[in-house]
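Asks: Okay, here's the structure, questions in a sec.
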Amino acid sequence: ERDGTWSPGLGLAFETLIAELSSRFINLPPGEVDSEIDDALRRVCQLLGLDLAVLWQWTGAPPVLRATHFRYAEAGLDPPEPLRREQFPWYHEQMVAGRVVCWSSLDDLPAEAAVDREACILFGVKSNLCVPLTITGEPPVGVLGYSTLRAERHWPAELVQRLRLVAQVFTNALARRRADEVLRKSEA
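FYI, in the working numbering the residues of the sequence shown are 43 to 230.
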């Protein structure tokens, strides 16, 4: 199951996890969003045997992706550095366009992702799935990325679809928190 093989048992366990996450996030107070995202990343990584999960959000000018939430399988590692467009130009293009990026081996990356491939080698990424955090009609606010660092991993379509649901749960919680912050500022 942890090598990317999709099984009924893993499917049921993941469906249960998605239901639990959805119910926890639905009316979550804004001040608890960060800790719940951290816990959800931990649970997803443990269930699927993933080495790294990072929720990146666009910040600054020019915009960079900053790791606002992350989970390493190995404890004690520092948070990932902000990702700049020049490090991952192909990924940047895909994320801004709202496209999911999924590859099991560095050989799966297209030729136009040569710079991105070199960056992945430098960071030790063996396989990756990135889901843009999108709200209908708006540009992505960030990216939810899952990576393996020890071995390549197959990403079955069933798993990708479920991980997209997790990204949507996070996106909705972050959007509600932003709306709450805007409301509080306007009331002040």
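Every residue, glycine too, gets a C-beta built ideally from N, C-alpha and C.
Are there 16 or more other CB atoms within 10 angstroms of the CB of R44, so buried, or fewer, so exposed?
Replies: In the sequence shown, counting from the first residue as 1, residue 44 sits at position 2. Because the pLDDT of R44 is 48, which lies under 50, any placement of that residue in the model is unreliable, and the number read from its coordinates should be weighed accordingly. When all chains shown are included, R44 counts as exposed.
Asks: Pick out the complete alpha helix (DSSP H) segments inside the stretch 92-143, 4 residues or longer, and give them in chain order.
Replies: Fully enclosed alpha helix (DSSP H) runs of 4 or longer: 131-138.
Asks: Among Q203, A153, R226, K227, whose alpha-carbon lies nearest the alpha-carbon of E57?
Replies: By one-based count along the sequence shown, residue 57 stands at place 15. For E57, the nearest C-alpha among the options comes from Q203.
Asks: Bridge partners of C172, per DSSP?
Replies: Here residue 172 refers to the residue found at position 130 when the sequence shown is read from its first residue. According to DSSP, C172 bridges with V143, G187.
Asks: Note down the Cα distance separating L191 from P50, rounded to an integer number of angstroms.
Replies: Along the sequence shown, read from residue 1 onward, the residue named residue 191 stands at position 149. Along the sequence shown, read from residue 1 onward, the residue named residue 50 stands at position 8. Each residue's alpha carbon lies about 26 angstroms from the other.
Asks: For P174, which residues in the same chain have their Cβ closer than 6 angstroms to its Cβ, ignoring the five residues on either side in sequence?
Replies: Residue numbering aside, residue 174 sits at position 132 when the sequence shown is read from its first letter. Cβ neighbours of P174 beyond the five flanking positions: M137, G140, P182, V185.
Asks: Nearest-angstrom Cα distance between A161 and S228?
Replies: Here the question's residue 161 lines up with position 119 in the sequence shown. Here the question's residue 228 lines up with position 186 in the sequence shown. For A161 and S228, the distance between alpha carbons rounds to 42 angstroms.
Asks: Leaving out the 5 sequence neighbours to the left and right, which residues in its chain are closer than 8 angstroms to S146 when beta-carbon positions are compared?
Replies: Looking up residue 146 in the sequence shown gives position 104. Once the five neighbours on either side are set aside, the close Cβ partners of S146 are G46, S169, E194, R195, H196, W197.
Asks: Look at A115 and W132 and say whether their C-beta atoms are less than 7 angstroms apart.
Replies: Here residue 115 corresponds to residue number 73 of the sequence shown, with the count starting at 1. Here residue 132 corresponds to residue number 90 of the sequence shown, with the count starting at 1. No; because the gap between Cβ atoms is not below 7 angstroms, this pair is not in contact.
Asks: Under a three-way DSSP split, which group does N69 fall into?
Replies: Position 27 of the sequence shown, counting from 1, holds the residue named residue 69. In this structure, N69 counts as coil in the three-state DSSP scheme.
Asks: Would R226 be called buried (16 or more neighbouring beta carbons within 10 Å of its own) or exposed?
Replies: Residue mapping note: residue 226 aligns to position 184 of the sequence shown, counting from 1. Looking at its Cβ environment, which holds fewer than 16 other Cβ atoms inside 10 Å, R226 is exposed.
Asks: Okay, do the stretch 72-92 and the stretch 204-222 touch, 3+ Cβ pairs below 8 angstroms being the bar?
Replies: Yes, since at least three Cβ pairs between the stretch 72-92 and the stretch 204-222 fall closer than 8 angstroms, the two stretches touch.
Asks: Going by CA-CA distance only, name the one from D222, R220, P105, A209 that's closest to S64.
Replies: Counting from one through the sequence shown, the residue named residue 64 turns up at place 22. The shortest Cα separation from S64 among D222, R220, P105, A209 belongs to A209.
Asks: Just how far apart, CA to CA, sit A230 and L92?
Replies: The residue given as residue 230 occupies position 188 in the sequence shown. The residue given as residue 92 occupies position 50 in the sequence shown. Answer to the nearest angstrom: the Cα atoms are 43 angstroms apart.
Asks: So, with DSSP's three-state summary, where would you put S77?
Replies: Taking the first residue of the sequence shown as position 1, residue 77 is located at position 35. S77: helix per DSSP, three-state reduction.
Asks: In this structure, does DSSP put L151 in helix, strand or coil?
Replies: Here residue 151 is taken as the residue at index 109 of the sequence shown, counted from 1. Looking at L151 - three-state DSSP - the assignment turns out to be coil, as it is neither helix nor strand.
Asks: Taking the alpha carbon of V157 as the reference point, which residue from L207, Q129, H134, R220 has its own alpha carbon closest?
Replies: Start at 1 with the first residue of the sequence shown, and residue 157 comes out as number 115. Among L207, Q129, H134, R220, the Cα nearest to that of V157 belongs to Q129.
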